[in-house]
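S.K.: One structure follows; several queries about it will come next.
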Amino acid sequence: MQEKIIPHPLRNIVLNYDESKPETDYEKSLLQAYLKIHDDTLPVLQMHNKLKYEYMEHSDHIVAAEKQFEPIAKQLYDFFLEANAITKNRANKKSIEDIQERMSSFHEEFIVDFHENILTAQLVQESKTIEQAYDLFCTADEKLSADFEFYHDTTANDLYKNYDNYSLDLVAYDEDEQGLRGELDKMFHFNKFRNEVIDRYNNLMETINIAYTQWDETKRLISEFYDDSGMMESSISEHYAQHPDLKDDKRPNYIISPSNKLVSRFRNDMGLLAHSGHHTLNLQVPIQNALNGDVAQVQEHVLCLQHFPKLLEKFLFGFQIVFLNRDNIAMKDDEWKGVKEAMQWFVKLNEFPIMLFFLKDSDARAYCLFGDLIEQRDKEASDENMVAFGGEQVQILCDRLFQCCWMMLMFCHNTGFDPEPYIEAVLADYDLSFTYQQVKEKYEADVKAGIQFRVLKKGEELNDGEIPLG
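Per this note's numbering, numbering of the sequence shown is gapless, rising by one per residue and ending at 1470.
Shown next as structure tokens:
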């Protein structure tokens, strides 16, 4: 027997040949196929080795996150126990304010940092990236396994059946093939380690979810404490959240679903608005946000109010917009009123055309309707106390206000709140050529014809037959 060593980047192949027998064409093709399996195994094993290293790193990060989150979870539990005790007595308002202040500081100092920098930016992103690479590895590994089994069962089959006919020694070959299988087994055993890492990751996520749920419950207790007159009542919305597929004729025209996280977050975070001593919501808008046309946060408050009809009525004309300059100092009225960029921001805000019904400042409400038309005003008829329009601008103004009033009726449909007096009040401010009755008739006709609303995600396009609100 002559030993033949064939170097390969994966492993040295060691075979024995009987010199008394000539090497057949079958043996030559078998060796080429065997080398091809080695060639195909190498990149898959390299993928395996890289993944194993990355999962080891991921495991280390999970362990570190567990240690970092442990004191956070304990503090969240302590907050819950404290809130559960002090919210039972309405005389504890000062204690409630104190725990809110401590919770706010803790949130900014610890929770935000952990959630953004450890959980989201590292663990979640890392897990997503590794799992994507693992999916590619699995595809390659499955193909390699199928190719190897085909090779062994088909290509190498004649060597096993008729080994006496060949120079290649079957015993040496089979031993070498077992060595190759050992390389393949490394990838098989890797899955056990990966599953252990994933289990630890899932356990950490479950721990975090439980702690966050407790945090939300703490905020809910505080929110309910402030609701001293039932302003946060949302039974209709809660009913449809529990029956998401129910589309009966009593269902309000919800712009966002009752089960949307924005609604539950609003319920947990905004209880102070329900307090009988709170009648104005001061919304701070950094000047850069205004310049960027960022109106989402303010609009989200109104979208959520649709689910709390008593609170909705309370805060009609109750939003006070406070613009912050680049030093985060509140701007005075004369610093933003009449300024083109500020007026354009209100026009953008009213692309959801009921926003003006929630603005406390009369100038801000006016800017919603015609902030982009100011430069086209009738300058002779206008003065510092009045902006006059004529012709085409008046028609634009009529169309916009009509749409706002129509949308307000639709927004309050079946919520139990009738916005008629508030619509009448807005119409009285502008004395245009249509009445509340005309708006109502148009609204009722459209409802009878059938109308559906859909909130588009950023970048999403309208479907055929859909029209934008603004």
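Built from N, CA and C at the ideal position, the CB exists for glycine as well.
It should be emphasised that the depicted structure is a prediction, and the values quoted were computed from it without experimental measurement.
So, under 8 Å CB-CB, isoleucine 1255 and glycine 1416 are touching, yes? Tell me the CB distance rounded to an integer number of Å.
M.R.: Their Cβ separation, rounded to whole angstroms, is 17 Å, which puts isoleucine 1255 and glycine 1416 out of contact at 8 Å.
S.K.: Check whether the Cβ atoms of methionine 1231 and alanine 1290 sit closer than 8 Å, and answer yes or no.
M.R.: Contact: no.
S.K.: What do you get for glutamate 1003, buried or exposed, if any count of 16 or more other CB atoms within 10 angstroms of its CB means buried?
M.R.: Exposed: under 16 other Cβ atoms inside 10 Å.
S.K.: Let me make sure I understand the geometry here. Which of Trp1406, Asn1191, Pro1258 has the alpha-carbon closest to that of histidine 1243?
M.R.: Among Trp1406, Asn1191, Pro1258, the Cα nearest to that of histidine 1243 is on Pro1258.
S.K.: In its own chain, which residues sit with a C-beta less than 7 Å from the C-beta of lysine 1143, not counting the 5 before and 5 after it?
M.R.: If we look at lysine 1143 and ignore the five residues flanking it on each side, it has no Cβ neighbours.
S.K.: Would you check if the segment 1363-1370 and the segment 1389-1403 touch, i.e. whether three or more CB-CB distances between them fall below 8 Å?
M.R.: They touch, by the three-pair rule.
S.K.: Taking just the CA atoms, how far does arginine 1011 sit from serine 1264?
M.R.: Roughly 59 Å between the two C-alpha positions.
S.K.: Assuming contact is defined by CB atoms lying nearer than 8 Å, are histidine 1189 and glutamate 1126 in contact in what I supplied?
M.R.: No. Outside cutoff.
S.K.: Within its chain, find whatever has a CB closer than 7 Å to the CB of aspartate 950; leave out the 5 residues flanking it on each side and keep chain order.
M.R.: Nothing about residue 950 can be reported from this structure: the residues present for the chain run from 1001 to 1470 only.
S.K.: Between which two residues does the alpha helix (DSSP H) carrying valine 1359 extend?
M.R.: As written in the sequence, residue 1359 is leucine, which differs from the valine given in the question. From DSSP, leucine 1359 is part of no alpha helix (DSSP H); its letter is neither H nor E.
S.K.: Here's a check: name, in chain order, each residue in its chain whose Cβ is nearer than 7 Å to the Cβ of glutamate 1313, leaving out the five neighbours to either side.
M.R.: Closer than 7 Å at Cβ, skipping near neighbours: Phe1417.
S.K.: Under 8 Å, with one C-beta from each stretch per pair, do the segment 1019-1039 and the segment 1134-1141 reach the 3-pair mark?
M.R.: The segment 1019-1039 vs the segment 1134-1141: no contact.
S.K.: Please name the residue, chosen from Phe1137, His1279, Asn1165, that lies closest to proline 1043 on a Cα-to-Cα basis.
M.R.: Out of Phe1137, His1279, Asn1165, Phe1137 has the C-alpha closest to the C-alpha of proline 1043.
S.K.: What is the C-beta distance between alanine 1065 and leucine 1123, in whole angstroms, given that I count them as a contact (C-beta under 8 Å)?
M.R.: 6 Å between Cβ atoms; contact.
S.K.: Might you give, ordered along the chain, the residues of its own chain that have their beta carbon closer than 7 Å to the beta carbon of glutamine 1344, omitting 5 neighbours on each side?
M.R.: The residues are Gly1371, Asp1372.
S.K.: Kindly indicate which three-state DSSP category proline 1309 falls into: helix, strand or coil?
M.R.: Helix, per DSSP.
S.K.: For leucine 1262, report the span of its alpha helix (DSSP H) as first-last.
M.R.: 1261-1269 is the extent of the alpha helix (DSSP H) around leucine 1262.
S.K.: Since phenylalanine 1137 is in the alpha helix (DSSP H), which residue starts that stretch and which ends it?
M.R.: It spans 1125-1150 - the alpha helix (DSSP H) in which phenylalanine 1137 sits, taken as one unbroken run.
S.K.: Excluding sequence positions up to five away, which residues of its chain have a Cβ less than 7 Å from the Cβ of histidine 1048?
M.R.: Hits under 7 Å: Phe1137, Lys1186, Met1187, Phe1190.
S.K.: Do the CB positions of valine 1447 and tryptophan 1406 come within less than 8 Å of each other?
M.R.: No; because the gap between Cβ atoms is not below 8 Å, this pair is not in contact.
S.K.: Ignore the nearest five residues each way along the sequence and tell me which others in glutamate 1027's own chain have a CB closer than 6 Å to its CB.
M.R.: Around glutamate 1027: Tyr1166, Leu1168.
S.K.: What does the Cβ neighbour count give for methionine 1408, buried or exposed, with the cut at 16 atoms within 10 Å?
M.R.: When all chains shown are included, methionine 1408 counts as buried.
S.K.: Short check: CB of aspartate 1216 to CB of asparagine 1268, under 8 Å?
M.R.: Yes, the Cβ-Cβ distance between aspartate 1216 and asparagine 1268 is below 8 Å.
S.K.: Out of curiosity, what's the CA-to-CA distance linking leucine 1305 and aspartate 1249?
M.R.: The straight-line gap from Cα to Cα measures roughly 21 Å.
S.K.: Given a cut-off of 8 Å, decide if phenylalanine 1317 and phenylalanine 1346 are closer than it, judged by their beta-carbon atoms.
M.R.: Cβ distance not < 8 Å, so phenylalanine 1346 and phenylalanine 1317 don't count as in contact.
S.K.: Can you grab the Cα-Cα spacing for the pair aspartate 1039 / threonine 1120, in whole Å?
M.R.: Those two C-alpha atoms are separated by around 39 Å.
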